[in-house]
Every structure is written in C-alpha cells, then in structure tokens.
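Everything in the sequence shown is counted per my numbering, starting at 115 for the first residue and increasing by one.
Accompanying notes for the structure given below.
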Amino acid sequence: MYVKVASPFIGDEEINGVAEVLRSGRYMSGPRVEEFEKKFADFIGVEHAVAVSNGTFAIQAALAAMDLQPGDEIIVPALTFFSTATAVIHQGGVPVFADITFDDFSLDASDLQRALTPRTKGIIPVHYFGHSADMDPINKFAKENGLYVIEDCAQSHGTKYNGKVAGSLGDMGAFSFFATKQMTTGEGGIITLNDGDKADFLRSFRSHGMTGRHDHGILGYNGRMTEISAAIGLAQLERLDGLNKRRISATHEIMKRIKDVPWLTIPQVPQHIKHTYFWLHILIDEEKLGMTTAELIPYLREKGIETRNRYVEPLYKQPILSGEGISPLLKLFAGDNLPDYANMNLPNVEKIAGSVIGLPNRPDMSQEEIDYVVKIIKEIA
C-alpha cells in the first residue's frame with residue numbers, strides 16, 4: 115500500500131465547467147470570474163473578493179492596495195512559505211520577522227512590540243496548516259499602532275476564529291488555490307475585503323493598472339484569473355464544506371489513535387477555532403524517536419506513507435536575505451535600515467523548524483488507509 119499525503123479532488127462538475135468555458139471562446143475576465151468572486155465573498159462574509167492569478171500575487175496586490183511605500187516594513191512570522199516574505203520585497207517593502215507560538219505555530223502576538231519600528235506599515239499573520247492565528251491580540255496591536263492586517267489564508271479555506279471565517283478577520287485576506295489546497299483552481303488566488311475603493315484598486319492592479327481601455331492609472335501587473343480557473347473554483351467552492359468535513363473527520367480519527375505515541379505531539383485546538391487541517395501536522399521529538407525528522411521521512415516513505423515536510427529553516431536564514439546572495443531589491447528598499455537577518459534567533463522558530471511533518475489526511479482517504487497510517491506510526495519505537 116502507498117498512502118498519498120494530498121491530491122486535488124476533481125469531479126464531473128469541474129470537468130464540465132471547464133468544457134463549457136472552452137466552448138464559449140471567452141477565456142479571460144468574464145462572467146465566471148465575476149460569479150466566483152461574488153460567491154467566494156459571500157462564503158467568507160465580506161463585501162468584495164478580487165480573483166487573481168495565484169496566492170503570492172494576492173499578497174502582493176493586497177500590499178499595493180494598502181499603499182506600501184519603498185522601505186516600509188511588514189511584520190511576518192519567521193516560519194511559513196517564503197512567498198509571504200518575498201511578496202513584501204516585490205512590492206518594495208522590507209519583511210521584519212516575528213516569532214511564532216509553540217502551541218499553534220502561528221504569529222506570536224507577544225513578539226509584535228519587539229518587531230515594531232517607526233517604519234512598520236502592517237502585519238501578515240499566517241493561518242498555519244488551517245489553524246487560525248490568534249487574531250484578537252494581533253488586531254488590537256494593529257489598531258493601537260495604526261497598522262494594516264493582511265491575513266495569509268493560503269492554508270485556511272473555511273477556517274473560523276470566534277465564529278468568523280478566515281479572510282474576514284483583518285483588513286484583507288489573501289488566499290491561494292494551488293492544487294493541494296483545501297480547494298483548488300489549479301493555480302489561482304483571491305483577495306477578500308470590505309473596502310470598495312481598495313477593491314477597485316485591486317481590479318486595476320491585476321490588469322496592468324488599467325483604469326480604462328487605453329489608460330493606465332497605476333503601475334500594475336498581469337495577475338488576472340482565467341475563466342477556466344474560475345469554472346473550477348465555482349465547482350470546488352460548492353464542495354468545500356464537504357471536503358473539509360471529510361478531511362477533519364479523517365484527521366481527528368488519526369490524531370485520536372496516535373495521541374499516546376511518545377515521540378510526537380499532535381495539535382491542540384481551542385474551542386473558539388475551527389481548524390481545517392490543510393496538514394495533519396505532528397511535532398517530532400527526535401530524542402524520544404531516536405532518529406531525526408529527516409531520517410523519519412524516508413523511513414515512512416519506504417513503509418508506503420507519503421508525508422509533507424516544509425519550512426525546515428527559519429525564513430531569516432534564506433540566502434537572498436543576507437550575505438553575497440542578498441536581493442538587490444531588498445538592499446535598495448531597506449537602505450540603512452536593512453534588518454540583520456543573519457544574526458536573528460527566534461527561540462520558538464528555532465525549536466520547531468524542521469521538526470514538523472504532515473501525515474496523510476486527504477478527504478478521500480479510505481478506512482483501510484487510515485488504519486494503515488495509524489498502524490505504522492504506532493509501530494515506530
């Protein structure tokens with residue numbers, strides 16, 4: 115048996131939707147994109163959603179909409195996918211890294227004050243693995259200091275915090291629809307918000323900065339979503355709640371059955387958060403396990419269990435942030451205020467980085483696959 119960790123869930127609805135687009139002859143900026151935007155905004159509980167080409171561009175566009183200026187600083191958690199930080203650099207900003215919590219691996223609100231400078235313009239909390247960041251203290255800090263909050267929702271489609279859906283908790287939410295997410299459009303993204311003026315800006319920004327057929331009022335990009343992607347997205351949105359329910363069920367069963375394994379720690383989720391488990395993430399105690407996480411992964415693969423393993427280094431150790439490989443754009447924008455990334459050491463990030471794996475939790479997992487994953491994990495001494 116070989117148990118895959120994740121895969122897109124595609125049915126006849128998605129296939130038929132794409133076929134209809136192909137037959138229509140209209141592939142860009144048409145009725146399906148508009149319908150997808152409206153239905154996604156309704157799902158999140160906001161007034162506007164602006165569909166774009168991918169999740170990284172969604173973050174960059176949101177930063178542009180908040181009028182990020184060269185050298186402005188954005189506080190970012192130091193353990194996430196690197197595009198959360200590179201989107202800041204691409205838009206002329208400077209990422210400043212904050213620590214994460216040991217409980218849920220999300221941005222540590224108690225570290226925001228340390229990261230704050232007179233140049234800070236905003237915060238990007240990441241809803242890590244489908245677990246919401248602790249948004250109340252983050253929003254409180256942002257309000258007290260006049261900062262924007264852009265939620266990185268790339269892993270949190272349907273996640274809730276105090277009953278509100280991720281993507282409605284800050285000034286803007288930025289989603290990815292990459293192939294392995296809770297829902298997919300193949301490749302794509304969307305920005306959710308309640309500000310109509312910023313929504314108009316985003317629609318121009320994603321389309322070469324056009325304000326009319328021949329006028330370019332701002333410096334924009336080509337970041338539009340295709341009609342094909344939107345057709346897939348419409349079908350995926352219809353099945354999202356069902357897919358999440360099945361993924362959550364599989365995750366809960368596996369976690370319940372492996373919770374006493376001494377070399378791992380499973381997520382503990384507070385009552386006010388609905389976790390959608392983009393990953394079934396477990397923290398490895400390498401000393402108790404008797405092998406490194408890097409050794410465990412191929413061992414599980416040999417046993418027929420695929421795993422996820424990302425974010426093995428803190429973002430501040432990435433080569434383009436320091437030394438000879440530093441990004442010329444970052445040097446230009448930061449000037450004399452370039453953070454000393456090379457000498458950063460955030461304690462929780464250092465403990466967690468490289469010691470987390472994701473077990474299979476696909477919504478279409480069979481009971482036989484669930485039983486097999488549990489069996490192999492419990493056999494490891």
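Just so you know, even glycine gets a beta-carbon here, dropped at the ideal spot from N, CA and C.
Just so it is clear, the structure is predicted and the values come from calculations on it, not from any experiment.
* Can you check whether the CB of THR421 is closer than 9 Å to the CB of VAL119? -> Translated into the one-based positions of the sequence shown, residue 119 becomes position 5. Translated into the one-based positions of the sequence shown, residue 421 becomes position 307. Their beta carbons are under 9 Å apart, which means VAL119 touches THR421 by this criterion.
* Over the uninterrupted alpha helix (DSSP H) stretch that includes SER318, give me the two end residues. => Position 204 of the sequence shown, counted from the start, is the residue given in the question as residue 318. Start and end: 310-319.
* To do: Return the residue from the list THR407, ASP186, VAL132 and ALA165 that minimises the CA-CA distance to GLY449.
  => Position 335 of the sequence shown holds residue 449. Answer by Cα proximity: ASP186.
* To do: Compute the beta-carbon to beta-carbon distance between THR200 and GLY272, rounded to the nearest angstrom, for a pair I have assumed lies under 8 Å.
  => As a first step, residue 200 must be located in the sequence shown, where it is residue number 86. As a first step, residue 272 must be located in the sequence shown, where it is residue number 158. So it is not a contact: roughly 26 Å between Cβ atoms.
* Proximity winner among GLY331, ALA229 and SER138, relative to VAL208 (alpha-carbon distances) -> If you number the sequence shown from 1, residue 208 lands on position 94. With distances taken between Cα atoms, VAL208 lies closest to ALA229.
* Asked: So, is ASN168 buried or exposed, given that buried needs 16 or more other C-beta atoms within 10 angstroms?
  -> Counting from 1 along the sequence shown, the entry for residue 168 is found at position 54. ASN168 comes out buried.
* Asked: For GLY310, which residues of its own chain have a beta-carbon under 8 Å away from its beta-carbon, when the five flanking residues on both sides are left out?
  -> Translated into positions along the sequence shown, residue 310 becomes position 196. Cβ within range, chain order: GLU161 and HIS162.
* Which residues bound the beta strand (DSSP E) around GLU187? -> Taking the first residue of the sequence shown as 1, we reach residue 187 at position 73. 187-191 is the extent of the beta strand (DSSP E) around GLU187.
* Asked: Could you give the distance in angstroms between the alpha-carbon of ILE491 and the alpha-carbon of GLN385?
  -> Reading the sequence shown from its first residue, position 377 is the one you call residue 491. Reading the sequence shown from its first residue, position 271 is the one you call residue 385. So the alpha carbons of these two residues sit roughly 27 Å apart.
* To do: Could you spell out the range, first to last residue, of the alpha helix (DSSP H) harbouring HIS204?
  => Position 90 of the sequence shown, counted from the start, is the residue given in the question as residue 204. Looking at the DSSP string, the run of the alpha helix (DSSP H) that includes HIS204 is 197-204.
* Asked: Out of LYS152, HIS204, ASP126 and ASP156, which has the shortest C-alpha to C-alpha gap to LYS445?
  -> As a first step, residue 445 is located in the sequence shown; it is residue number 331 there, counting from the start. Of LYS152, HIS204, ASP126 and ASP156, the residue nearest in Cα terms is HIS204.
* Asked: Comparing alpha-carbon positions, which option in VAL487, GLU483 and GLY347 lies nearest GLU413?
  -> Within the sequence shown, the letter at position 299 stands for residue 413. Sequence inspection shows Tyr at residue 413; the Glu mentioned does not correspond to that position. Taking only the C-alpha atoms, the option nearest TYR413 is VAL487.
* Measuring CB to CB, does PHE211 end up less than 9 Å from HIS245? -> On the sequence shown, residue 211 is found 97 positions in, with the first residue counted as 1. On the sequence shown, residue 245 is found 131 positions in, with the first residue counted as 1. HIS245 is positioned such that its CB atom lies no closer than 9 Å to that of PHE211.
* Start-end ranges of the beta strand (DSSP E) lying completely within the segment 393-421, minimum 3 residues -> Fully enclosed beta strand (DSSP E) runs of 3 or longer: 394-398.
* Asked: Counting Cβ pairs closer than 8 Å, one from the segment 118-136 and one from the segment 246-259, do we hit at least three?
  -> A contact between stretches requires three or more CB pairs, one per stretch, nearer than 8 Å, and the segment 118-136 fails this requirement with the segment 246-259.
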